[in-house]
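*Asks:*
Protein chains: 2
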Amino acid sequence: MKNRLRVLRAERGWSQADLAERLGVARQSVNAIETGKFDPSLPLAFRIGRLFGLKVEDVFEDEGDQ
Amino acid sequence: MKNRLRVLRAERGWSQADLAERLGVARQSVNAIETGKFDPSLPLAFRIGRLFGLKVEDVFEDEGDQ
DNA sequence: CACTTATGTCATGTTTGCTTGACATTTGGA
DNA sequence: TCCAAATGTCAAGCAAACATGACATAAGTG
Chain A
1 MKNRLRVLRA ERGWSQADLA ERLGVARQSV NAIETGKFDP SLPLAFRIGR
51 LFGLKVEDVF EDEGDQ
Chain B
1 MKNRLRVLRA ERGWSQADLA ERLGVARQSV NAIETGKFDP SLPLAFRIGR
51 LFGLKVEDVF EDEGDQ
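Line by line, the protein sequences give chains A and B.
The numbering of the first sequence is UniProt numbering, which starts it at 1 and goes up by one.
The numbering of the second sequence is UniProt numbering, which starts it at 1 and goes up by one.
(1) Do three or more CB pairs link the segment 37 to 44 of chain A to the segment 32 to 46 of chain B at distances below 8 Å?
(2) Return helix, strand or coil for residue 41 of chain A, following the three-state DSSP convention.
(3) Excluding sequence positions up to five away, which residues of its chain have a Cβ less than 6 Å from the Cβ of residue 56 of chain B?
(4) With 8 Å set as the bound, which would you pick, yes or no: does the beta-carbon of residue 41 of chain A sit closer than that to a beta-carbon of chain B?
(5) Could you tell me whether the segment 28 to 40 of chain B touches the segment 12 to 20 of chain B, where touching means 3 or more Cβ pairs closer than 8 Å?
(6) When DSSP builds the beta bridges, which residues end up paired with residue 61 of chain B?
(7) Residue 55 of chain B touches chain A at which residues, Cβ-Cβ below 8 Å?
(8) With a threshold of 8 Å between beta-carbons, can residue 32 of chain A be considered close to chain B, or not?
(9) Rounded to whole angstroms, what's the CA-CA distance from residue 11 of chain B to residue 52 of chain B? Just pull it up for me.
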């Protein structure tokens, strides 16, 4: 499950802490998602999509495997 | 987080066990998602969308609250 | 140089997603 | 009516998604 979070965030000039605050999660959670340590929950994925004005599919790319 | 899983499944004449097998999860997990006990993980939400040929947003409806 | 900001990471703990196994209830068909 | 399939639910356990706090490092800026 790859994602474009780092690019989208950088485009807006936000730090990981900025994004975390807007999403209502910890900074470490944003970092972990960006660095691929784990995938967000579905509710969080929806909040991310809503924040960037994108569909979930346009932020996260399913790799089919598993 | 509401979802149309029960309707989509019924349209295809599948039991919860049928759907669970196609998704690679336990029957109880399908039941728990349909009855709103918890939301699926993001990877599982993608598998569900792919199985029904729909976008995640067309299966799950974010209620904004949390 | 000293200081701040951003990022990465580790450790520990709680909550949630999901499992297996079991059992009760409902529903449909023979 | 009897039986089987479908559904709902509970309990116990594991793994993943969070949280908090701490620390290291790199890069910029005064």
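Every residue gets a Cβ at the ideal spot worked out from N, C-alpha and C, and that includes glycine.
All values derive from a computational prediction rather than experimental measurement.
*Replies:* Short version:
(1) yes
(2) strand
(3) 45 and 49
(4) yes
(5) yes
(6) B:2
(7) 55, 56 and 57
(8) no
(9) 11 Å
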